[in-house]
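Step one of this worksheet: look at the structure below.
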Amino acid sequence: MKYVFDKKLSFDSNDSDHDAKIDEIIIDFEKQYALPQTVEKYGIFVTIKNHGILRGCIGGFSVTNHTGRLVAKQALQSAFSDSRFYDEPIKESELSDLSYDINFIGELKQIYPNEENENENDIVKVLNKSGFIIGKKKGHGIQMHFSNGESATFLASVLPELKIYSFDKDTVERLITELKLKASGSDTITRIEMYQCQEYNEYDKFDIPLLKNKIDGGSIETYIKNKNIYKSLKYK
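Per our numbering: the sequence shown ends with 237, consecutive numbering throughout.
Below, the structure is given as structure tokens:
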């Protein structure tokens, strides 16, 4: 983020070239710093907080090996494109107080309906038979689609925050209620998907295999030449 402010770049939520400007920033950044690629393909979600208070969270499910570039893009999207914070964008004075959680997302897997449960109305049974793992750092996220065309998702780390540690009648009702609220008060569930999450903050050891020939020296440490330049991509 410091890189953006050092370059005196700014964003206008009404700017039709908003996404193009983010791409230009990343291209400029790549002239100085190599962005690593991972062996496996992932989607990326980036969550930014200021002392535990949400300041932005945006991501996507499209998977790619070019995860370094995608982390950079989603970090900028989270900081400057989250519509919940258009009236209160991140300021340069906040940078030292920001923390970053980056979720590496596996491909979506539809668990309802499918051939085994297309006539099943008990979502508790569906979830318990799906192999769904609840866990903060490594577990499954969930996405629900509704009859009004809306959808909502929770990353794996959200379920423990909601005090959901297993699936029973009470916890599933709460989960569905929260996702419906997030999806504009939607009604009937039409589809449920789950996806693997691996979450890292800027202090976690990064253990996802990289394509070592894609970065100088073959190490993430070499790639991060100045951890103050792009804090959201800092790993130890």
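By construction, the Cβ of each residue, glycine as well, lies at the ideal position given by its N, Cα and C atoms.
Where I28 is concerned, the enclosing alpha helix (DSSP H) starts and stops at 19–31. A residue is called buried once 16 or more other Cβ atoms fall within 10 Å of its Cβ, and H52, having fewer, is exposed. For K137, the closest of G186, H146, Q199, D205 by C-alpha to C-alpha distance is Q199. In this structure G57 is in contact with I91, their Cβ atoms being roughly 7 Å apart against a cut-off of 8 Å. Per the C-alpha coordinates, the member of N66, S100, K181 positioned closest to S79 is S100.
Of the residues A21, H67, I23, K32, the one whose Cα lies closest to the Cα of P210 is H67.
Taking 9 Å as the cut-off, the Cβ atoms of S82 and D24 do not count as close. For V72, the enclosing alpha helix (DSSP H) starts and ends at 68–81. Exclusion of the five residues before and after T189 leaves F147, S148 as the residues of its chain whose Cβ lies within less than 8 Å of its Cβ.
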